[in-house]
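Q: Could you have a look at this structure, given as structure tokens, before my questions?
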Amino acid sequence: MPQVLKDDVRSRIRVAALRAFAVHGYAGATMAGVAAEAGMAPANLYRYYRNKQELYDAVVPDEVVNALEEVVGRRVEDFAALVKRDGTTTDVADEMMQFWLQYRLESVVILSGAAGTRHADVVARINSLSVDALVNALPADAVAPGDLDLFESIWTNTSRTIARILLHNETEADLRATITSFWRYQVAGLTALLRHLAQR
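All residue numbers for the sequence shown refer to the numbering used here, where the first residue is 24 and numbers rise by one.
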């Protein structure tokens, strides 16, 4: 029975910590806030985790971060073909959606709340891959220096938007609907942009 109780407490802490890191970011979240959300005194929380960094490491493990980068990498590789199909769904898109569903709040933290952690540069790496995808979708002589800054801005805003969608859509139906709507908009816009850049 004591172990069952400990497991239940750890589960409550995990849920509270993920929510705190997702809403406030690592820098803004506090151990006192997590304890309050978990329904315990701060002193009891420190019996399970010595500090905020240890708590973060427990709820946003490297394995999840690595998996996110891998699935995004596959999604980026699929990008040029996706644009040519005008946004038709693919197996990679389905894989990405399954990841969002399984690791919704972890993804929010990685995409928008990891400043101050060892995962702080993950979004920059993802954005760099995505910029390369846009460049590779164009003829070699079609990319002007200013386009790279534009592409970077597009993907920075994309990461922020996805994080907001994941944070505010808690049910599978809502998340699927909103992500699908956003991606339709995104692909249509990028298709038009690439067409314009290739023809100017």
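Positions of the beta carbon are idealized from the N, C-alpha and C atoms, including for glycine.
1) Hey, how far is the Cα of E129 from the Cα of A81?
2) Would you grab the beta carbon distance between G169 and A45 for me? Rounded to a whole angstrom, and I think it's under 8 angstroms.
3) Short of 8 angstroms in beta carbon distance, which residues of its chain neighbour E92, apart from the five on each side in sequence? Order them along the chain.
4) Going by beta-carbon coordinates alone, are F205 and I177 separated by less than 9 angstroms?
5) Would you kindly report the start and end of the unbroken alpha helix (DSSP H) that includes T184?
6) How many angstroms separate the CA atom of A186 from the CA atom of V131?
7) Helix, strand or coil for R223? Go by DSSP, reduced to three states.
8) Whole beta strand (DSSP E) runs in the segment 93 to 161 with 3 or more residues, listed along the chain?
9) Rounded to the nearest angstrom, how far is the Cβ of I228 from that of A61, given a contact under 8 angstroms?
10) Out of curiosity, what's the CA-to-CA distance linking R98 and L220?
11) Measuring only the C-alpha atoms, how far is A64 from I202?
12) So, under 8 angstroms CB-CB, A138 and G48 are touching, yes? Tell me the CB distance rounded to an integer number of Å.
13) Taking only the alpha-carbon atoms, compute the straight-line gap between A116 and D85 and give it to the nearest angstrom.
14) From what residue to what residue does the alpha helix (DSSP H) around G56 run?
15) What residues in its chain sit with their C-beta under 6 angstroms from that of A58, if we drop five residues either side in the sequence?
16) How far does the alpha helix (DSSP H) with R70 in it extend, from its first residue to its last?
17) Restricting to Cα atoms, I'd like to know which of M120, V158, Y126 is closest to N38.
A: Reading off the structure:
1) 11 angstroms
2) The Cβ separation is near 34 angstroms, so there is no contact.
3) V145, R148, I149
4) no
5) 168 to 191
6) 5 angstroms
7) coil
8) none
9) The structure shown does not extend to residue 228, since the chain is modelled only from 24 through 223, so no value can be given for it.
10) 22 angstroms
11) 38 angstroms
12) 6 angstroms
13) 22 angstroms
14) 54 to 61
15) P65, L68
16) 65 to 71
17) What sits at residue 38 in the sequence shown is Val, not Asn. Here the closest residue by C-alpha is Y126.
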